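Residue numbers (full-length UniProt numbering): 1 to 797.
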C-alpha cells in the first residue's frame with residue numbers, strides 16, 4: 001500500500017445501506033466506491049498529487065497509481081530473492097541499528113566470501129571447475145576465512161557425483177545472487193513499519209518470517225530499552241483513552257442511585273415506584289438533551305443574525321428580507337461549487353458553449369515486425385542511439401534495424417556489429433570474463449568473425465537461462481533462422497547486461513553531473529537576464545519621464561516669452577503716445593502762458609530732444625528683448641538636442657536589449673539542446689484520456705502511441721496528423737492537458753522531424769522510380785539496401 005507523507009494510508013470503506021440499483025462513482029485503481037461526487041473528486045485529486053511514496057522501493061514524489069505500480073514491480077522482484085539466502089539475511093537484519101544503506105553494504109560484504117546451505121557454486125579442482133551444491137557449513141556457524149563446507153558434486157547431467165569437504169578458497173560463485181536494490185527492497189518488505197531509519201530504533205522482522213525461518217524474537221540486553229520505552233508509550237496511550245471511559249462509567253453509576261424503601265410500603269408499590277423513578281430519569285435526560293440542542297440552535301441563530309446585521313454574509317447564504325426577519329427565519333440557497341479544472345479526463349463532459357474538438361486521427365500500424373515486438377524494438381534501438389559512442393556502435397535508423405531483424409537470407413552487417421559491440425562491453429566485467437574464459441578450453445580472442453560462437457558462450461552463462469536454448473542453433477551458424485522475436489529477446493538481455501556495465505554507469509554519472517551543471521548555468525543566466533531587463537525598463541521609464549518634463553518646461557518658457565513680448569509692445573506703445581502728447585503740447589500751445597512770439601526756438605529744441613530720447617529708449621528695449629529671445633532660443637535648442645540625444649540613446653539601448661534578448665534566447669535553446677543530448681532516461685510525452693502513452697524520439701520522425709495494456713502500438717508520421725492530434729486534446733483533463741503542453745513545447749522539433757522523414761521517403765520513392773524507368777539496354781547494378789551496406793565507424797577492433 002503506498003505511503004502518504006511516509007505514513008500508511010487507509011482506503012475509504014464502502015458506504016452503508018448500498019443497494020444494487022444505486023449509481024456510484026468508483027476509483028479505477030483503488031476500487032473505492034463513493035455516492036457523493038465531490039468526495040470522489042476530492043480523492044481523485046489527492047491520488048493525482050505527487051505526494052505518495054512506494055513502500056517497497058522508497059521512491060517518493062509519485063502519484064498513487066505510480067506508487068502502486070512501483071510496489072507491484074518491486075514485489076515481483078522481491079519474490080525472485082534466492083530462498084536459501086532468506087534466513088541468513090534476515091538474521092543480520094533482525095534488531096539491526098544500522099542505516100538502510102549501511103545495512104545493505106554490510107550484507108553484501110558478509111556474503112561476498114561466505115556460502116550458505118542449498119546454494120549452487122563452482123568447485124575448483126586442479127585446472128577444472130565442477131558445479132556443486134553446499135549441504136552444510138562445518139561447525140554449524142557463520143563461517144569466517146578458512147572455514148570448510150560439505151558440498152555435493154554434480155556432473156553435467158545434473159546427477160550426484162559424490163560429496164566432499166571443501167575450503168572457502170576452492171569454492172567460487174558465478175556472481176552474487178542478489179543486487180543492492182533487491183536486498184533493499186527485500187528488507188523493506190520483511191520488516192515492520194514501526195521502524196524508521198531516521199530514528200534510532202532497531203529493525204524488527206515480521207513475526208511470520210521469524211516463525212518460518214527460526215529467527216529469534218528476543219532482543220539483546222542493550223536493545224531492550226527501546227522496546228520498554230515503546231511499551232510505556234503504548235500503556236500511556238491506553239490510559240489516556242481509558243480514563244474518560246472510566247469517568248463516564250462512574251458518572252452513570254452515581255446517577256443511577258437505588259430508591260429508598262418506605263416503611264409499610266407493599267412490594268407491588270415498590271416496583272411501581274422504581275419504574276416511575278426510571279421514567280422520570282429518562283424524561284429528565286431527554287429534557288436535558290433537548291434543552292442543550294435548543295441552546296445550541298439559538299446560539300447558532302444569534303451568531304448568524306449578528307453576521308447578517310454586520311453585512312458579513314458567507315458564500316451559499318442569502319441575507320434575509322424584512323419579511324423573513326419578522327418571521328425569524330432565513331432561507332438558504334443551495335451552494336453550487338464551480339468545477340476547478342483540470343480534473344480526471346474521463347469526468348470531463350462536452351460543453352455547448354465551447355467549440356468542438358477536432359476528431360483524433362487513426363494510428364498507422366504497418367510495422368515490419370509483429371506488433372508485440374515494437375516495445376522491445378524501440379528500447380534496444382534507443383539505447384544504441386543514446387550510448388553508441390560508449391558501446392562503439394555507429395547510429396542507424398529504426399527502419400534499418402527492423403529490416404535487419406527481418407532478414408533471414410544472409411547475416412546483416414548491422415546485427416553482426418551490434419552483437420559484437422555488446423559482447424565486448426559485457427566482457428569488460430572481470431567476473432563475467434573469467435566465467436566466459438572458463439567455458440573454453442583455451443583462450444580465444446573475441447573478434448567480429450567469431451561473434452556467433454562468442455554469443456553462444458555468453459548465452460550459456462548464468463542469467464540467460466531462458467535464451468540458452470538458442471545457443472546450439474547459433475553455434476551451428478543458423479542464427480538467421482531464428483524468429484525476429486527471438487533475436488530481439490537476445491538483444492534485450494544484452495542491453496540489460498550493458499546497462500550494468502562499468503562503462504555505461506560511468507557515462508551515466510558524467511551525464512548527470514553535466515546535466516546538473518548546465519541546468520545550474522541556465523538558471524543563473526535566466527536570473528541575470530531578468531535582472532538586466534528590469535534595470536533597462538527602469539532606465540527607459542526614467543528617460544521617458546525626463547523627456548516629458550523637458551517638453552513641459554520648454555512649453556512653459558515659450559509661453560512666458562510670448563507674454564513678455566506682449567508686455568514690451570504695450571509699454572513701447574505707451575512711450576510713443578507720451579512722446580506724441582508732449583510734442584503736441586509744445587507745438588499746439590505755449591506752456592505757462594508763453595506767447596507765440598516768445599521763446600519758440602527753445603520749445604522746438606526741447607521737443608526734438610524728447611523725441612530722440614524716446615526713440616533711443618525704444619531701440620534699447622528692443623535690443624534687450626532681442627537678446628533675451630536669442631538666449632531663450634539657444635536654451636530651447638540645447639534642451640531639444642538633449643531630448644533627441646536621450647531618445648536616441650533609449651532607441652539604441654532598446655535595440656541593444658533586443659539583440660541581447662535574441663542572443664539569450666539562442667543561448668537558452670543551446671543549453672536546452674545540451675540537456676536533451678544527455679539523456680538519462682527517456683520519458684513519454686504524456687498520456688491521453690484513455691491512458692495511451694505517446695513517445696517521440698528525436699532521431700525518428702514519428703510519434704509512437706502505446707495503449708494502456710502495452711500490447712498494441714501505432715504511430716503518426718505526418719504534420720497534419722500532429723496538428724489534428726493537438727486539436728483533439730481537451731485541456732480540461734489532467735492527462736491531456738499535460739500532453740498538450742508537451743506537444744506545444746516541442747512542436748517545432750517534432751514538426752521538423754516529421755517533415756524531414758516525409759521528404760526522405762519522397763526522395764527514396766523518386767529514386768526507385770528512376771531505376772524502374774531506365775532502359776533495359778542500360779542494365780543497372782543491383783541496388784543494395786542500407787542495412788547491408790552499414791559500416792560501423794566507431795569500432796576499433
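Even for Gly, the Cβ is constructed at its ideal location relative to N, Cα and C. Since the model is a prediction, treat every value here as computed from it, not as a measurement.
Between residue i and residue j, is the Cβ-Cβ spacing less than 9 Å?
i, j, result
"residue 49", "residue 63", "yes"
"residue 405", "residue 425", "no"
"residue 205", "residue 183", "no"
"residue 47", "residue 25", "no"
"residue 209", "residue 215", "yes"
"residue 436", "residue 461", "yes"
"residue 542", "residue 387", "no"
"residue 174", "residue 122", "yes"
"residue 347", "residue 44", "yes"
"residue 83", "residue 118", "yes"
"residue 733", "residue 356", "no"
"residue 18", "residue 30", "no"
"residue 176", "residue 133", "no"
"residue 540", "residue 650", "yes"
Can you tell me whether residue i is buried or exposed? The criterion is at least 16 other CB atoms within 10 Å of its CB, across all chains shown.
i, result
"residue 128", "exposed"
"residue 354", "exposed"
"residue 32", "buried"
"residue 417", "buried"
"residue 3", "buried"
"residue 345", "buried"
"residue 352", "exposed"
"residue 686", "buried"
"residue 700", "buried"
"residue 704", "buried"
"residue 735", "buried"
"residue 126", "exposed"
"residue 692", "buried"
"residue 23", "exposed"
"residue 479", "buried"
"residue 683", "exposed"
"residue 37", "exposed"
"residue 513", "exposed"
"residue 6", "exposed"
"residue 470", "buried"
"residue 256", "Any reading at residue 256 needs caution, since the residue's pLDDT is 45, under 50, leaving its predicted position unreliable; the model's value is listed next. It is exposed - the Cβ of residue 256 has fewer than 16 other Cβ atoms within 10 Å."
"residue 792", "buried"
Would you grab the beta carbon distance between residue i and residue j for me? Rounded to a whole angstrom, and I think it's under 8 Å.
i, j, result
"residue 713", "residue 365", "7 Å"
"residue 171", "residue 161", "Contact flag wrong, Cβ pair sits at about 16 Å."
"residue 93", "residue 203", "6 Å"
"residue 519", "residue 390", "About 22 Å separates the two Cβ atoms, so there is no contact after all."
"residue 739", "residue 729", "6 Å"
"residue 383", "residue 220", "49 Å between Cβ atoms; not a contact."
"residue 522", "residue 668", "7 Å"
Residues in the same chain with beta-carbon distance under 8 Å from residue i, minus the five sequence neighbours each way, listed in chain order, please.
i, result
"residue 371", "365, 711, 712, 713"
"residue 56", "70, 71, 74, 75, 78, 185, 188, 189"
Considering Cα atoms alone, identify which of the options is closest to residue i.
i, options, result
"residue 67", "79, 53, 76, 78", "53"
"residue 537", "394, 635, 668, 656", "656"
"residue 716", "724, 702, 708, 689", "702"
"residue 493", "620, 515, 455, 513", "455"
"residue 87", "107, 101, 97", "107"
"residue 794", "103, 394, 479", "394"
"residue 525", "449, 670, 410, 513", "670"
"residue 120", "102, 155, 109", "155"
"residue 484", "373, 178, 450", "373"
"residue 181", "531, 81, 9, 201", "81"
"residue 453", "419, 61, 13", "419"
Report all residues from its chain with a CB closer than 6 Å to the CB of residue i; omit the five preceding and five following residues, and keep chain order.
i, result
"residue 724", "358, 361"
"residue 511", "678, 680"
"residue 381", "398, 401"
"residue 148", "138, 165, 167"
Can you find the residues in the same chain that come closer than 7 Å, C-beta to C-beta, to residue i, ignoring five residues on each side of it along the sequence?
i, result
"residue 105", "none"
"residue 467", "459, 489, 490, 493"
"residue 263", "Interpretation of residue 263 is limited by its pLDDT of 42, a score under 50 that renders its predicted location unreliable; the figure taken from the coordinates is listed afterwards. No residues qualify anywhere along the chain."
Should residue i be counted as a contact of the ligand NAP given a C-beta to heavy atom distance under 8 Å?
i, result
"residue 50", "This structure simply doesn't include the ligand NAP, nor any ligand for that matter."
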